[in-house]
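This report concerns only the one structure given below.
Protein chains: 4
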Amino acid sequence: MWFTSDNAGPAHPSVLDAVTRASTGYMSSYGSDPIMADVRARMREIFEAPEAEIFLVATGTAANVLALACLCPPWATVYCHEVAHIEEDECGAPEFYTGGAKLSLLPGLDGKIDAAALAAKIESTPTDFVHHVGRGALSLTQVTERGAVYSLDELRALCAIAKSGGIPVHLDGARFANALVSLGCSPAEMTLKAGVDAVSFGGTKNGLMGVEAVVLFDPSKAWEFERRRKRGAHLFSKHRYLSAQMQAYLADDLWLTMARDANARARRLADGLRDLPEADFLHPVDANMLFVALPRRIHDALHAAGAHYYFWPGDPAPEGPADEMLACRLVCGWSTTEAEIDAFVGVVRDAA
Amino acid sequence: MWFTSDNAGPAHPSVLDAVTRASTGYMSSYGSDPIMADVRARMREIFEAPEAEIFLVATGTAANVLALACLCPPWATVYCHEVAHIEEDECGAPEFYTGGAKLSLLPGLDGKIDAAALAAKIESTPTDFVHHVGRGALSLTQVTERGAVYSLDELRALCAIAKSGGIPVHLDGARFANALVSLGCSPAEMTLKAGVDAVSFGGTKNGLMGVEAVVLFDPSKAWEFERRRKRGAHLFSKHRYLSAQMQAYLADDLWLTMARDANARARRLADGLRDLPEADFLHPVDANMLFVALPRRIHDALHAAGAHYYFWPGDPAPEGPADEMLACRLVCGWSTTEAEIDAFVGVVRDAA
Amino acid sequence: MWFTSDNAGPAHPSVLDAVTRASTGYMSSYGSDPIMADVRARMREIFEAPEAEIFLVATGTAANVLALACLCPPWATVYCHEVAHIEEDECGAPEFYTGGAKLSLLPGLDGKIDAAALAAKIESTPTDFVHHVGRGALSLTQVTERGAVYSLDELRALCAIAKSGGIPVHLDGARFANALVSLGCSPAEMTLKAGVDAVSFGGTKNGLMGVEAVVLFDPSKAWEFERRRKRGAHLFSKHRYLSAQMQAYLADDLWLTMARDANARARRLADGLRDLPEADFLHPVDANMLFVALPRRIHDALHAAGAHYYFWPGDPAPEGPADEMLACRLVCGWSTTEAEIDAFVGVVRDAA
Amino acid sequence: MWFTSDNAGPAHPSVLDAVTRASTGYMSSYGSDPIMADVRARMREIFEAPEAEIFLVATGTAANVLALACLCPPWATVYCHEVAHIEEDECGAPEFYTGGAKLSLLPGLDGKIDAAALAAKIESTPTDFVHHVGRGALSLTQVTERGAVYSLDELRALCAIAKSGGIPVHLDGARFANALVSLGCSPAEMTLKAGVDAVSFGGTKNGLMGVEAVVLFDPSKAWEFERRRKRGAHLFSKHRYLSAQMQAYLADDLWLTMARDANARARRLADGLRDLPEADFLHPVDANMLFVALPRRIHDALHAAGAHYYFWPGDPAPEGPADEMLACRLVCGWSTTEAEIDAFVGVVRDAA
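Written as structure tokens, this is what we have:
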């Protein structure tokens, strides 16, 4: 019963097999391996974007901040949700990589940026006033940090606001696949066709060892991206090991299968808790994460049973009333089993 | 016959096995995995440094620049050889990570910093003059970029110069193991006991998929290093996959065995060419790299036979006299076979 | 009738005289001029801080960001009011100079940071969690950007919160003198004794041509400050021209006299408008600035009469109902005359 | 007898008068003052460049590094002389402002970049190789740091090399006027027509209190420059005080007159020493600086007589043989008098 994060589980065996298969003989370094050529072609197909440039890096933060640095000059601001990963969980990497751009934090339910707040904030950012930073880029997170998934209409509306404000759009897709299967749309619909300019296409949280793709729909930024990646120390010499993971990820829709499984587990977990009066859902369960408040005594029972997960947004006092409601985050991954879910639900229901 | 670089070969099968074995069940993220605890303990043993702090990253550049950023303030300079990797091959990553420190380039035979030049350069860098950048750190490369290995006496002398100039020493050990087995000394002798403060302990060029350790003998910089690593987007969520590689690397002296094999291949290659009047060795062959000039017609024969390697320092004109001497770099790795060496030598000797 | 800013008026004639007097013969450069020695001694007296280090720069932004860069590492955050000058009016200079630190924006009436919000925000910033930026520094603005002056009790309370959170305090005193005479306290009471660690001591808005002092009560940061100042290109070769301005500023309490005059003009202006039902004061008038809403028709009359000032926070639509209330900012300086005030009030009252 | 630097003397009285005259009444801030409009027009005339954008800053370092940051991306290198001010005397400000670009140091007599060395260095900098930094900009210094003046032919040749290498040219003209009158050409001939793209047009060393202009012949970089200037904290609120100095500088060719005077004094000084067997001239005296070696006993006599100047490149041991030759730098400014020169020469000749 391990629900701390979708980065706590292992990589998929097919991924390890692919890596092992790729580990034979000599191969060109630094991204000129033949596997990468295949990955590039496949990604362009998937995104219906024959001109797009595709790059691999090993961490989600690297994908986000390298993309943002190409979209936002140092004297501008990135509009993002106040709980966005780039704000909360990257220790200032966006500021470091952009050369000191700002992040302008926006409110919104369930980790989704409120459209009116975005429009107002962009509107109030002057474009020709040297004293204030300018408009840089919009960064959306799909799945949001609170487990919700923007609808295509919501994405389109936010992108349209950015576009009418003259700025490009970045999509932090650390959980891209989970969002995609939740919406049941195509990758292009969720990105290029909605108005997104650059995508962090996550793999690590969905069954890879550590690979994320960056998709730049505008190839004119490709060389700058390459320079920034190298300079950020994110260009791998034995790049084949990144390529092979991504190739396996995309083959036979493994990525979609894993995301569907993770989402199904989260749904099963939500279904198991939904009707309990003791369980208070804080956000919709659109993908593979639940945010739910439970009485302290249920948490105690779960911990006694060996469950792992995080209180959210932080640890409560160690002691308190048994019926004190304490919120937690529960994340399912591709490897979460139905048995784990049922065991967890069983503990909760017994303690309820 | 592939001698382009020691990053063109595959990882060792034991490393892949270890990675596969580690890929089971749930594990804490971001370096708190139990495998890392074991790696840390083992590294401290190997370096005879119970206080040392150990960090893993995935690229050699990341190891170098994160270490340097902890040693050198933005308003100081890093003394390094004029062909050092940090100067020639990292696209300004040291400048980016240090916040704009300088690199002061020093001459010296075979990629080794000339001690008198270092002493003079440090001496001429004022410490209390606000207009000029100050003294930052010395960065040594062992094996050097020209295939030579500093003797312990040479290392001690350079470190002593740095110390008497008041600055710490970084060792770029992308080929640490190759140097170590060449010298036949202990890791501590080649680092801590010689006066080195921080080590980039390479694994990628010696049989790993992509892992380097940073060893900080002074643990007071550990938290700053962690901040810089995260902020540089080099902290892996599924850190176990780095840990497992390094654990396998250190187990049963695999790292030393692979380095010995690579060095032995280079020696065999050198021995095969040594007595040829057509072969002009440019640098000593102390580890796993050769720099040798050969007549154009021999290169033509090699290329026709399918050999891969780089002209050095750059490509010559496509056409020229048959006896024109053209320099090249030949790098052996753990996976280079004696058969490859012998085939290569055979082509050369046939064409000579 | 020019109320756009206290930087729109001229320097005081005594300042120009001093500059002219200093412009004779040769003098050591870069701050080693004898006038600076006198300024340093005088500032230490004024602040009752014999150990303090004093530096001169030419812009308020330079003073703020050089001080902040010495107090806050790149991986931390500066707590400031959401309308602070460092957030709104410096085009990202704090991010540039700190190497990419964040600014955490806090609410509060009249430009004053709400103490509870500060305490909560610091509390919620983890100190040992590598993913999130850490606690950097508190930056207070006195006079606030909304014309209010923190009481000594308020300052002490905010500094105490910072101190108990383990962080130093910076005071943006672009209008230091206006605040000081408003409070009627000593410089030490408003800074060192309240818990402030570094002060941007403004002169430009109060009768100088362009000089601000930075006061570092902790001299251990002095060399770092000097390095950052030089590296930021803010070390003046003909430093005597900064020194002379500051010397004249401090002589015979000229700085206090000018601030008292500016504040008195603002009070006279406020008194002239206070009883008008058409004038809606948005913030207290504690120093030399008024924020007041007036009907559009009164603005029209003022503009027709040649008054200069800014609508606040931005320009309204060019046309609208005559009784539409439009807010503006009115700033008085040392050179604002009673006649200007009375003329302005006259126009308003005539149009009311 | 004060020959330390041309920044040790006072500003010209006309400049102080202009500043005093400008110090009346209210004026728009931040460069929109009417005096700046006049300066801009006059500079465009002088440079025969109606499209050029003109900016004022207060230090030469600011002018240099803001210009370079607009010309050179972070992942490229600035080619400059190994004794260039940007390398030796700005404490890493170019690295800071460019976001970590490199400086590639070139040799050459008398502080002039050797053309062949430049061509070779640019040639060896790859443009499409991600591992190495790219070609950024050429920065020339006129007058050089060793007192020499590039001829127009030399300037054109170096600019042509830069252009054929695909990079723009910056001219550090801290002593622009001294070079111009030395060459007897027009400002356009020494810059735009020779191939220069951006000029640091110095005033501080030639009779101003502290003002330098940046001339960007390509106006497309103007907004970026403004952003960088503001963000670097170099945008003055009471900008009139910069404008007024520059206006006075350009009026009635004051700048040329002052430069002619300074150069004439240097020539007189050189003439006074030239025929002495004890005086060894190290560099040509093309403008207002001499580099000359003299026996220690003559230095002793000069110091006893109250002369101020710097040994060069650094202080010698305090004691030594009386006939030991010690090099020094002697700089004349607009305010250096013939009497000072003659007194200095008299001491030398008496001691010779």
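Residue numbers (this note's numbering), protein chains in the order written: chain A, 1 to 352; chain B, 353 to 704; chain C, 705 to 1056; chain D, 1057 to 1408.
Virtual Cβ for every residue (Gly too), placed ideally from N, Cα, C.
Is there a Cβ of chain A sitting closer than 7 Å to that of Thr689(B), yes or no?
Position 337 of the second sequence, counting from 1, holds the residue named residue 689(B). With its beta carbon at least 7 Å from every one in chain A, Thr689(B) lies outside the interface.
Give me the chain B residues within the contact set of Leu16(A), using Cβ-Cβ distance strictly less than 9 Å, ordered along the chain.
As a working mapping, residue 16(A) is identified with position 16 in the first sequence. Under the 9 Å cutoff, chain B gives Leu368, Val371, Thr372, Ser375.
Keeping to the same chain, check which residues put their C-beta closer than 7 Å to that of Cys1241(D); ignore five residues upstream and five downstream.
As a working note, residue 1241(D) is residue 185 in the fourth sequence. Excluding sequence neighbours, Cys1241(D) sits near Leu1208.
Checking 7 Å against the spacing of the C-beta atoms, do Gly1259(D) and Val1252(D) come in under that value?
Against the fourth sequence, residue 1259(D) aligns to sequence position 203. Against the fourth sequence, residue 1252(D) aligns to sequence position 196. No, these two residues do not count as a Cβ contact at 7 Å.
What number of angstroms, rounded off, separates the C-alpha of Leu192(A) from the C-alpha of Leu71(A)?
Taking the first residue of the first sequence as 1, we reach residue 192(A) at position 192. Taking the first residue of the first sequence as 1, we reach residue 71(A) at position 71. In a straight line, the C-alpha of Leu192(A) is about 15 Å away from that of Leu71(A).
In its own chain, which residues sit with a C-beta less than 6 Å from the C-beta of Glu1051(D), not counting the 5 before and 5 after it?
Nothing about residue 1051(D) can be read from this structure; chain D reaches only from 1057 to 1408.
Under 8 Å by Cβ, that's how I've got Leu994(C) and Val1052(C) pegged, so tell me the actual separation to the nearest angstrom.
Position 290 of the third sequence, counted from the first residue, corresponds to residue 994(C). Position 348 of the third sequence, counted from the first residue, corresponds to residue 1052(C). Rounded, the Cβ-Cβ distance is 12 Å, inconsistent with contact.
Name the residue from Leu208(A), Asn178(A), Ala148(A) whose alpha carbon lies nearest to the alpha carbon of Asp17(A).
What you label residue 17(A) is simply residue 17 of the first sequence in a count that begins at 1. Distances from the alpha-carbon of Asp17(A) to those of Leu208(A), Asn178(A), Ala148(A) put Leu208(A) closest.
Assuming the contact rule is C-beta atoms closer than 8 Å, Ala1171(D) and Ile1217(D) should be a hit. Round their C-beta distance to whole Å, please.
Against the fourth sequence, residue 1171(D) aligns to sequence position 115. Against the fourth sequence, residue 1217(D) aligns to sequence position 161. Right, their Cβ atoms sit about 6 Å apart.
Are Thr728(C) and Pro1069(D) closer than 7 Å when you measure CB to CB?
On the third sequence, residue 728(C) is found 24 positions in, with the first residue counted as 1. On the fourth sequence, residue 1069(D) is found 13 positions in, with the first residue counted as 1. In this structure, Pro1069(D) does not lie closer than 7 Å to Thr728(C) by Cβ.
Which chain D residues sit within Cβ distance under 8 Å of Ala952(C)?
To locate residue 952(C), count along the third sequence from 1; it is residue 248. Those do not exist, as Ala952(C) stays about 13 Å from chain D at its closest Cβ, beyond 8 Å.
Can you have a look at Asp6(A) and say buried or exposed, based on whether 16 or more other CB atoms are within 10 angstroms of its CB?
Residue numbering aside, residue 6(A) sits at position 6 when the first sequence is read from its first letter. With 16 or more other Cβ atoms within 10 Å, it is buried.
Cα separation between Val78(A) and Tyr783(C)?
Position 78 of the first sequence, counting from 1, holds the residue named residue 78(A). Position 79 of the third sequence, counting from 1, holds the residue named residue 783(C). Roughly 19 Å separates the two Cα atoms.
Which residues in the same chain as Leu273(A) place their Cβ atom closer than 7 Å to its Cβ, once the five residues preceding and following it in sequence are excluded?
Here residue 273(A) refers to the residue found at position 273 when the first sequence is read from its first residue. The residues are Ala279, Val292, Val345, Val348.
Any C-beta of chain D within less than 7 Å: which residues of the segment 741-770 of chain C qualify?
Ala762, Thr763, Thr765, Ala766, Val769
Tell me which same chain residues have a C-beta within less than 8 Å of the C-beta of Tyr1086(D), skipping the five on either side of it?
Residue 1086(D) sits at position 30 when you count from the first residue of the fourth sequence. So the qualifying residues of the chain are Leu1291, Phe1292, Ser1293, His1295.
Excluding sequence positions up to five away, which residues of its chain have a Cβ less than 6 Å from the Cβ of Asp1027(C)?
Counting from 1 along the third sequence, the entry for residue 1027(C) is found at position 323. Excluding residues within five positions, the ones whose Cβ falls inside 6 Å are Pro999.
Taking a contact to mean a Cβ-Cβ separation below 7 Å, would you say Ala966(C) touches Cys1036(C) in this structure?
Within the third sequence, residue 966(C) is the residue found at index 262, counting from 1. Within the third sequence, residue 1036(C) is the residue found at index 332, counting from 1. Contact: yes.
Taking 7 Å as the threshold (beta carbon to beta carbon), is Lys1286(D) in contact with chain A?
Taking the fourth sequence and counting its residues from 1, one reaches residue 1286(D) at position 230. At least one CB of chain A lies nearer than 7 Å to the CB of Lys1286(D).
So with Cβ pairs under 7 Å, would you call Ala327(A) a contact of chain B?
One-based indexing of the first sequence puts residue 327(A) at position 327. Judged by the 7 Å Cβ criterion, Ala327(A) is not in contact with chain B.
Can you check the segment 878-966 of chain C for any alpha helix (DSSP H) of at least 4 residues that lies completely inside it and give the ranges in chain order?
880-887, 891-894, 926-935, 944-954
Alpha carbon to alpha carbon, what distance is there between Tyr1297(D) and Phe1111(D)?
Numbered from its first residue, the fourth sequence carries residue 1111(D) at position 55. Numbered from its first residue, the fourth sequence carries residue 1297(D) at position 241. Near 13 Å, if we compare the C-alpha coordinates of Tyr1297(D) and Phe1111(D).
Please name the residue or residues paired with Ser104(A) in a DSSP beta bridge.
Taking the first sequence and counting its residues from 1, one reaches residue 104(A) at position 104. DSSP lists Tyr79(A) as partners of Ser104(A).
Assuming Arg935(C) contacts Ala1149(D) (C-beta within less than 8 Å), just tell me the rounded distance between them.
Here residue 935(C) refers to the residue found at position 231 of the third sequence. Here residue 1149(D) refers to the residue found at position 93 of the fourth sequence. Yes, Arg935(C) and Ala1149(D) are in contact; Cβ-Cβ is about 5 Å, under 8 Å.
Where does Phe1347(D) fall in DSSP's three states?
Mapped onto the fourth sequence, residue 1347(D) falls at position 291. Three-state DSSP puts Phe1347(D) in a strand.
Anything in the segment 813-837 of chain C with a Cβ closer than 9 Å to a Cβ of chain B? List those residues in chain order, please.
Asp832, Val834, His835, Val837
Under 6 Å: does the beta carbon of Phe1185(D) sit that close to some heavy atom of the ligand GDP?
This structure simply doesn't include the ligand GDP, nor any ligand for that matter.
Nearest to Ala1140(D) by CA position, among Ile1397(D), Gly1116(D), Ala1399(D), is which residue?
Here residue 1140(D) refers to the residue found at position 84 when the fourth sequence is read from its first residue. Looking at the Cα atoms, Gly1116(D) is the closest of the given residues.
Counting only Cβ pairs nearer than 7 Å, list the residues of chain D close to Trp427(B).
Numbered from its first residue, the second sequence carries residue 427(B) at position 75. The answer, in chain order, is Cys1147, Gly1148.
Can you tell me whether His1012(C) is helix, strand or coil according to DSSP?
Start at 1 with the first residue of the third sequence, and residue 1012(C) comes out as number 308. Reduced to three states, the DSSP call for His1012(C) is strand.
Buried or exposed: Thr1041(C), going by 16 or more other Cβ atoms within 10 Å of its Cβ?
Reading the third sequence from its first residue, position 337 is the one you call residue 1041(C). Thr1041(C) should be labelled exposed.
Using 10 angstroms around the beta-carbon of Thr98(A), count the other beta-carbons present and answer buried if the total reaches 16, otherwise exposed.
In the first sequence, counting from the first residue as 1, residue 98(A) sits at position 98. A buried status is given to Thr98(A), since no fewer than 16 other beta-carbon atoms sit within 10 Å of its beta-carbon.
With distance defined between alpha-carbon atoms, name the residue in Ser124(A), Ala101(A), Tyr150(A), Arg135(A) nearest to Ile113(A).
As a first step, residue 113(A) is located in the first sequence; it is residue number 113 there, counting from the start. Among Ser124(A), Ala101(A), Tyr150(A), Arg135(A), the Cα nearest to that of Ile113(A) belongs to Tyr150(A).
From the DSSP secondary-structure annotation, give me the bridge partner or partners of Ser139(A).
The count along the first sequence starts at 1 and reaches residue 139(A) at position 139. Partner(s): His170(A).
Name the chain B residues whose beta carbon is nearer than 8 Å to that of Phe1152(D)?
Locating residue 1152(D) in the fourth sequence gives position 96, where the first residue counts as 1. Neighbours of Phe1152(D) on chain B, chain order: Pro426, Gly451, Gly452.
To the nearest angstrom, how far is the alpha carbon of Arg396(B) from that of Val566(B)?
Stepping through the second sequence from its first residue, residue 396(B) is reached at position 44. Stepping through the second sequence from its first residue, residue 566(B) is reached at position 214. One C-alpha to the other measures close to 12 Å.
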